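Notes follow the structure.
Protein chains: 2
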Amino acid sequence: MSPRRPVLAGALLVGQSGGPTAVINSSLAGVLYEAARQPAVRAVYGLRHGIRGLLAEDWQSLDGRDPRLIAGLRATPSAALGSARHRLDNTEIAQALAVLRRHDVRFLLLIGGNDSADTAARLAEAALLAGYPLQAVAVPKTIDNDLPATDHCPGYGSIARYVAVATAEAVLDTAAMRQTDPVKLIEVMGRYAGWVAAAATLAPLPAGLPPPLVYVPERPVAAEQVLADVEAAYRADNQVVVVLSENQTEPSPQGPRVLGADGEPEWVDAFGHPYYPSPAAYLCRRIRAELGLRARYDKPGTLQRTARALVSRVDEREAFAVGRAAVRAAVRGQGGHMVTLVRRGDVPYRVATGLAPLAAVANQHRLLPAEFIGPDARAATTLAFEAYLRPLLGGPLPEFRALR
Amino acid sequence: MSPRRPVLAGALLVGQSGGPTAVINSSLAGVLYEAARQPAVRAVYGLRHGIRGLLAEDWQSLDGRDPRLIAGLRATPSAALGSARHRLDNTEIAQALAVLRRHDVRFLLLIGGNDSADTAARLAEAALLAGYPLQAVAVPKTIDNDLPATDHCPGYGSIARYVAVATAEAVLDTAAMRQTDPVKLIEVMGRYAGWVAAAATLAPLPAGLPPPLVYVPERPVAAEQVLADVEAAYRADNQVVVVLSENQTEPSPQGPRVLGADGEPEWVDAFGHPYYPSPAAYLCRRIRAELGLRARYDKPGTLQRTARALVSRVDEREAFAVGRAAVRAAVRGQGGHMVTLVRRGDVPYRVATGLAPLAAVANQHRLLPAEFIGPDARAATTLAFEAYLRPLLGGPLPEFRALR
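Heads up: the sequence lines are chains A and B, in that order.
Note that the first sequence covers residues 1 to 404 in the working numbering.
Note that the second sequence covers residues 1001 to 1404 in the working numbering.
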């Protein structure tokens, strides 16, 4: 009698895609850890630079039974396999499928955002049409927190913690230096959505220090309004910290566009995502010229998404958990899905993993809902938003002390 | 019999000055803690916004016997009393002296950099001429690490830890994204000196990842040379991280000037320190245009000097210790000095406090010495620099994992 053989069995390929995060390697670790425990998974390979590594057959064997590998990945930000921003064309889809067949790959796990979900969906569909039993599962990852169907995205809790703490530190710094540098702008990431900027409203400020002005792209704002807000805040408090998204919008007759840009992006990537000049630099110039106030801006750039010292422990654990859940889904034959996080409660915070069809995820963007957006820049988010975000920050924020 | 009365007794004023750091409040805590234990100190007041608070008689009573106050300050970055950049003119010196006399202030402690030492020296001299027994002591503080007479400055170890870790994280991020964003520049602080940028050479990189190119203002470099370095590094590794000072210099017929500036500062502060446009932005534009490589830059700005999550524990302890030592010096009648840190050994690291005459400190800048500067941007510092800096980082840096 031969041992009972699982219906589905073969090699597993895993890749990382899109912008790195502080915890995307924890999802990779979760995939490797679980894959090593599933008899259906005959071999595990990591794609170098995501889908490009698939086309180029550039991958490496990875052993999830090695505890040092798992622990090392869980402590390392960025994407250890290398990432990619590449949209497969139809020829490449066929090529990719041929590669998968040739190596008997039955499980394909892509850790990424909207674009990865799209790639996974297209490969799954092509496999189905070709009669090739491929289980393609997407593992959610994005600091932008803009994937639909999941309560939140691994990566977001950590950048939210970074932004909340950095904003408090900027308010403390500005309080000390307000006689020479009263206005500070911080330009944060977040693509089309204001999730990242909104985290600044949870900055752990000591009593007596003024909250930041926070702008989110969901609410277009004219530069003139920002200047009026800054002037009013300066009159009230002698100091102003502004937090805004790198893609903060302004109204225009043609609809919202990036604030301070004349409509022309500096650069457009392979997925058609435009990159604009800095709204913070633009506002800084106008604040100096029109309000006569010294204004400086900080642009933490990619440092904010890889800052390991401010990782949310909740985010890290969840990133690991979604990686494991994706492998379990794949070996159960539940390809064509993205793993989701399903919130069961805020206090105490409880969460489970779930699955959503890739078609419901690919190329969709979840913006801040209206009930999370407050009335103005001084009260930019609501209590509902705070209840949503607080548990994701992974424990208490630092407590700072003010002298008054 | 009345109890023996100390020769020197009276009120103590303490102020903070110059740019904030992650640990300047630890020095304030050290002053308060020690002052509460010295019978000669009859009362303790904190100046709001440094020397401006002295002129305006704007101060608050502070009690160093309150353990929550001490612990809170030691956990809070920036300058809790408020800082200032103000140079006293001769009229103000006389005014300040009158205020000190009126309130029977016998101990004046200024926590700051070169400019505070200058202010303390001028007040001490004026008091001596006026026959008023004032003990003015400077407490060293600067992320720039450019004070003479001390082995290093409180504040430096923490920003050095920040820069080393952030550089490693930027190299990891660039490794993941090198197919779309192969070149990253990080512009750090440091004024005239390269101490802060040099810390990038201790970035905790996993084996197999290329070290950053690091430039220091002590070694002027033409933009063309930077472009050639970036191109060579890109050819070798397919990715490049550049770390440079906000005041990186280039040679010019009139002598070194800020790279990419045409000689005109954007702004000059009250001490005559010039502020220039960003060398990183300038180099980014030229790298894109002349090398055809996508280049982005991060400017962590004031976030790098207040990042509490990356405080060096050694730095924090030393900041507290120099505050205590300053009070002891003041009550012993050793005014006219700045507290220094004297290194007694590298392995194991041992340090003591000492004193240097204010005249030897005020308005002097200690640049990176020649024996700390390596041959080129790829090897920007020496083993002697590493031996100097390593103990100041306050314990092991994070260990990151690479997959190769």
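The beta-carbon is built from N, C-alpha and C at its ideal position, and this holds for glycine as well.
In this text the structure is predicted, and so the values were computed from the model without any measurement.
Can you tell which of the options has its C-alpha closest to the C-alpha of residue i?
| i | options | result |
| --- | --- | --- |
| Ile1373 (chain B) | B:Leu1383, B:Arg1366, B:His1365 | B:Leu1383 |
| Val258 (chain A) | A:Leu283, A:Pro39, A:Ala84, A:Gly345 | A:Leu283 |
| Thr1159 (chain B) | B:Pro1220, B:Glu1399, B:Arg1313, B:Asn1363 | Just to set this straight, residue 1159 (chain B) is Ile in the shown sequence, not Thr. Residue B:Arg1313 is the option with its Cα nearest to Ile1159 (chain B). |
| Val1241 (chain B) | B:Ile1143, B:Glu1224, B:Glu1187 | B:Glu1187 |
| Leu205 (chain A) | A:Leu172, A:Arg317, A:Thr150, A:Gln179 | A:Leu172 |
| Tyr215 (chain A) | A:Asn238, A:Gly208, A:Leu185, A:Gly345 | A:Leu185 |
| Lys1141 (chain B) | B:Gly1194, B:Leu1367, B:Ala1164, B:Gln1016 | B:Gln1016 |
| Phe1107 (chain B) | B:Ser1245, B:Ala1043, B:Arg1065 | B:Ala1043 |
| Arg37 (chain A) | A:Glu399, A:Val327, A:Thr381, A:Gly131 | A:Val327 |
| Gly345 (chain A) | A:Arg305, A:Thr91, A:Leu392 | A:Leu392 |
| Val139 (chain A) | A:Ala295, A:Glu318, A:Asp237 | A:Glu318 |
| Glu92 (chain A) | A:Gly112, A:Leu73, A:Arg122, A:Ile111 | A:Arg122 |
| Val347 (chain A) | A:Arg161, A:Gly395, A:Thr381 | A:Gly395 |
| Gly112 (chain A) | A:Ala124, A:Ile143, A:Gly301, A:Ala71 | A:Ile143 |
| Leu368 (chain A) | A:Glu224, A:Val243, A:Asp151, A:Arg401 | A:Asp151 |
| Ala1380 (chain B) | B:Leu1244, B:Gly1131, B:Ser1252 | B:Leu1244 |
| Thr8 (chain A) | A:Gly64, A:Asn90, A:Val105, A:Ala203 | Here the sequence assigns Leu to residue 8 (chain A), which means Thr is not the residue at that position. It is A:Val105. |
Determine, for residue i, whether the minimum Cβ-Cβ distance to residues of chain B falls below 9 Å.
| i | result |
| --- | --- |
| Gly394 (chain A) | no |
| Pro300 (chain A) | yes |
| Thr119 (chain A) | no |
| Ala307 (chain A) | yes |
| Arg401 (chain A) | yes |
| Gln179 (chain A) | yes |
| Ala170 (chain A) | yes |
Can you find a C-beta in chain A that's less than 9 Å from the C-beta of residue i?
| i | result |
| --- | --- |
| Gln1016 (chain B) | yes |
| Asp1058 (chain B) | no |
| Met1189 (chain B) | no |
| Leu1073 (chain B) | yes |
| Lys1184 (chain B) | yes |
| Asn1114 (chain B) | no |
| His1365 (chain B) | no |
| Thr1201 (chain B) | no |
| Arg1052 (chain B) | yes |
| Gly1082 (chain B) | yes |
Would residue i pass as a contact of residue j if the rule is Cβ separation under 9 Å?
| i | j | result |
| --- | --- | --- |
| Ala136 (chain A) | Leu109 (chain A) | yes |
| Asn1247 (chain B) | Tyr1192 (chain B) | yes |
| Pro211 (chain A) | Arg378 (chain A) | yes |
| Leu147 (chain A) | Ala117 (chain A) | yes |
| Val1351 (chain B) | Val1342 (chain B) | yes |
| Pro133 (chain A) | Ser78 (chain A) | no |
| Leu1012 (chain B) | Leu403 (chain A) | no |
| Gly1082 (chain B) | Ala168 (chain A) | no |
| Leu1055 (chain B) | Ala1096 (chain B) | yes |
| Asp1376 (chain B) | Val1023 (chain B) | no |
| Tyr33 (chain A) | Phe320 (chain A) | yes |
| Ala325 (chain A) | Gly30 (chain A) | yes |
| Ala1356 (chain B) | Ala1149 (chain B) | yes |
| Arg309 (chain A) | Val1165 (chain B) | Before going on, a small fix: residue 309 (chain A) reads as Ala here, not Arg. Going by C-beta atoms, Ala309 (chain A) is nearer than 9 Å to Val1165 (chain B). |
| Arg294 (chain A) | Pro182 (chain A) | yes |
| Leu1303 (chain B) | Ala289 (chain A) | no |
| Arg48 (chain A) | Gln60 (chain A) | yes |
| Glu399 (chain A) | Gly1072 (chain B) | yes |
| Leu1213 (chain B) | Ala1233 (chain B) | yes |
| Gln1239 (chain B) | Arg1178 (chain B) | yes |
| Ala307 (chain A) | Tyr162 (chain A) | yes |
| Gly64 (chain A) | Ala94 (chain A) | no |
| Pro251 (chain A) | Pro220 (chain A) | yes |
If we ignore side chains and look at the alpha-carbon of each, how far apart do residue i and residue j end up?
| i | j | result |
| --- | --- | --- |
| Ala1075 (chain B) | Asn114 (chain A) | 40 Å |
| Ile977 (chain B) | Gly10 (chain A) | The shown model of chain B, from 1001 to 1404, leaves out residue 977 (chain B), and the question about it has no answer. |
| Gly323 (chain A) | Thr249 (chain A) | 35 Å |
| Pro3 (chain A) | Pro39 (chain A) | Interpretation of Pro3 (chain A) is limited by its pLDDT of 49, a score under 50 that renders its predicted location unreliable; the figure taken from the coordinates is listed afterwards. Distance between the alpha carbons of Pro3 (chain A) and Pro39 (chain A) is about 11 Å. |
| Gly1018 (chain B) | Gly260 (chain A) | 33 Å |
| Ala1387 (chain B) | Gly1194 (chain B) | 17 Å |
| Val311 (chain A) | Gln1364 (chain B) | 40 Å |
| Ala1080 (chain B) | Asn1025 (chain B) | 6 Å |
| Pro6 (chain A) | Gly333 (chain A) | Bear in mind that a pLDDT of 48 at Pro6 (chain A), under 50, signals an unreliable position, so the number given afterwards is only what the model happens to contain. Going from the Cα of Pro6 (chain A) to the Cα of Gly333 (chain A) covers about 11 Å. |
| Pro256 (chain A) | Glu224 (chain A) | 15 Å |
| Tyr297 (chain A) | Ala281 (chain A) | 7 Å |
| Leu358 (chain A) | Thr340 (chain A) | 11 Å |
Please determine if the segment 193-203 of chain A and the segment 222-239 of chain A are in contact, where contact requires at least 3 C-beta pairs separated by less than 8 Å.
No, the segment 193-203 of chain A does not touch the segment 222-239 of chain A.
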